[in-house]
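One structure is given below, encoded as structure tokens.
Residue numbers (our numbering): 702 to 865.
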């Protein structure tokens, strides 16, 4: 099997973009005060949350690898799911978008100490926010990186490396 989990990159981008858009709308829909409060407690402004297109996946969802353009035999964590599928866990959805291209999707639980989940098919590169011309600061926490970038978008490049 290929090292690249994407059998159909176009299909993956369509499914991932639809998930990101839906979760972004869920965050700003009715009865979603908990994730909004959580983001406020992380010192992220509503304007910045919208700018970064963060979202909210309220319930865990099982998805079929093949329907997401992924090889159906790729290894994914076995969380009581069917073979050939994966779970999109509940949490804050962070899309890594560079020049209007969706590269990766991360989901973080509503627990600051929780671990992120990278959606299968996402690029396994660090998240880099900001201009290449700016000095870089490397962090290993999503929310720390977002806070730094929120406050210094014009003068700092932030690289966020996943704590797995």
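In this text, a Cβ means the ideal position worked out from N, Cα and C, and glycines have one as well.
Nothing here was measured: the structure is a model prediction, and the numbers come from that model.
Beta-bridge annotation (DSSP): residue 717 is not paired with any residue. Annotation for residue 752: the continuous alpha helix (DSSP H) segment containing it runs 747 to 752. The beta carbon of residue 714 sits closer than 7 Å to those of 803, all from its chain and outside the five residues before and after it, given in chain order. Rounded to whole angstroms, the gap between the alpha carbons of residue 844 and residue 751 is 15 Å. Here DSSP, grouped into helix, strand and coil, assigns residue 764 to strand. Residue 805 sits buried, since 16 or more C-beta atoms from the chains shown fall within 10 Å of its C-beta. When the Cα atoms are used, residue 727 and residue 794 turn out to be separated by approximately 10 Å. In this structure, the alpha-carbon of residue 840 lies about 21 Å from that of residue 792.
Residue environment for residue 741: exposed (fewer than 16 other C-beta atoms within 10 angstroms of its C-beta). The shortest CA-to-CA distance from residue 818 to any of 749, 758 and 739 is the one to 758.
Between residue 830 and the set 738, 798, 785 and 747, the nearest pair of CA atoms involves 798. Contact annotation: residue 720 and residue 789 have beta-carbon atoms nearer than 8 Å.
Here residue 710 is near residue 770, since their CB atoms are less than 8 Å apart. Here residue 860 carries a strand assignment [DSSP, helix/strand/coil].
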